[in-house]
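Trainee:
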Amino acid sequence: LLWPGSPAARTAAAVGPLLGARVARLVRRQAHPEAWDHDDDLVSLRQAEEEARTAVFDAGVLEDWRTVLELTAARNSRLGAVD
3 LLWPGSPAAR
13 TAAAVGPLLG
23 ARVARLVRRQ
33 AHPEAWDHDD
43 DLVSLRQAEE
53 EARTAVFDAG
63 VLEDWRTVLE
73 LTAARNSRLG
83 AVD
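Position one of the sequence shown corresponds to residue 3 (our numbering), numbered consecutively onward.
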């Protein structure tokens, strides 16, 4: 999930406001392999990432998702991104 050379903290800070604190925590912890076996959410995220690499899936272009992303960001902003 993290691009090579991209610090986990910076990536987590970037996705946190859009996707919430829980996702930001997972992104931050994913950079630490010793945490992978001890966090069920992180294990699920890693499994999903591995399955996604083998699946043939076309998510379309960013413009197709813009409304969904904007609505999610607005909702998290209204709710204070609490999760």
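Note that beta-carbon positions come from the ideal geometry of N, C-alpha and C, so glycine has one too.
Three-state secondary structure (DSSP) at alanine 61?
Mentor: In the structure shown, alanine 61 sits in coil (DSSP, three-state: anything other than H, G, I, E or B).
Trainee: With a threshold of 16 other CB atoms inside 10 Å of the CB of glutamine 32, please say whether the residue is buried or exposed.
Mentor: By the 10 Å Cβ count, glutamine 32 comes out buried.
Trainee: State the DSSP-derived secondary structure class of proline 35, mapped to helix, strand or coil.
Mentor: Three-state result, proline 35: helix.
Trainee: Compare the Cα-Cα distances from arginine 95 to each of Asp43, Thr69 and Val70 and report the closest residue.
Mentor: Beyond the ends of the chain as shown, which are 3 and 85, falls residue 95; an answer cannot be given.
Trainee: Would you mind reading off the limits of the alpha helix (DSSP H) that contains aspartate 41?
Mentor: That residue, aspartate 41, is in no alpha helix (DSSP H); it is neither H nor E in DSSP.
Trainee: Within a Cβ cutoff of 8 Å, which residues of the same chain sit near alanine 26, ignoring the five residues on either side of it in sequence?
Mentor: Only Ala14, Ala15, Val17 and Gly18 meet the Cβ criterion.
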